[in-house]
């Protein structure tokens with residue numbers, strides 16, 4: 001997936017602006033996006049995570065984050081035509097199929113030309129798996145692809161995260177536009 005960030009030209013995502021959805025305190029923003037993107041925005045439903053990111057975790061780089069959105073994704077509509085990359089890590093599992101599809105539809109309108117949406121999440125080995133502790137739902141990769149297609153998006157790349165033990169649920173990244 002990093003190749004989508006680093007390659008320039010027709011058909012490649014730019015590196016002007018990224019939106020980190022479900023950003024938490026900004027670990028991905030700090031470790032992955034700050035070195036690559038000119039402008040950054042973060043969205044999380046937990047205000048104290050965003051405050052911690054701005055006031056402590058991101059340090060001197062906190063000022064590079066232009067906007068901190070405090071919304072749940074069911075209610076959040078990102079600004080139109082603004083982002084080269086919209087990143088969703090471990091948050092799709094907290095949305096119903098319908099809410100995920102509708103959020104992806106809104107995100108599609110927020111992409112700049114050649115922009116991409118990337119979902120990184122646990123994927124069930126078959127069907128769907130409900131976690132009774134946090135009420136998250138892990139979907140099989142094929143189910144995610146159906147939701148993505150219903151949102152009017154095309155899958156560009158799919159990549160399995162390597163290095164995790166076989167006993168835990170596999171983690172996949174899906175790039176779409």
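Residue numbers (the UniProt record's numbering): 1 to 177. In this text, a Cβ means the ideal position worked out from N, Cα and C, and glycines have one as well. Because the structure is a prediction, the values reported are computed rather than measured.
Query, Result
"At which residues does the alpha helix (DSSP H) containing residue 97 begin and terminate?", "97-110"
"Determine the extent of the beta strand (DSSP E) in which residue 142 is found, giving its start and end residues.", "Element bounds for residue 142: not the beta strand (DSSP E) but the alpha helix (DSSP H), 141-150."
"Excluding the 5 residues preceding and the 5 following residue 180 in the sequence, name in chain order all residues of the same chain whose CB lies nearer than 7 Å to its CB.", "The question about residue 180 has no answer, for the chain in this structure spans 1 to 177."
"Between which two residues does the alpha helix (DSSP H) containing residue 34 stretch?", "That residue, residue 34, is in no alpha helix (DSSP H); it is neither H nor E in DSSP."
"Per DSSP, residue 138 forms a beta bridge with which residues?", "129"
"Using three-state DSSP, classify residue 80 as helix, strand or coil.", "coil"
"Using a threshold of 7 Å, is the CB atom of residue 140 nearer than that to any non-hydrogen atom of the ligand SAH?", "The ligand content of the structure shown is nil, which means the ligand SAH is not present either."
"On the DSSP bridge assignment, give the partners of residue 17 in chain order.", "39"
"Pop quiz: residue 92 and residue 119 are said to be a contact at Cβ under 8 Å. What is the actual Cβ separation, rounded to whole angstroms?", "5 Å"
"So the alpha helix (DSSP H) residue 47 belongs to, where does it begin and stop?", "47-52"
"Below 8 Å on the Cβ atoms is my guess for residue 73 versus residue 26; work out the distance and round it to an integer in Å.", "Between residue 26 and residue 73 the Cβ distance is about 17 Å, and since that is not below 8 Å, they are no contact."
"Identify which residue in 154, 20, 55 has its Cα closest to the Cα of residue 89.", "20"
"Go ahead and pull the three-state DSSP assignment for residue 56.", "helix"
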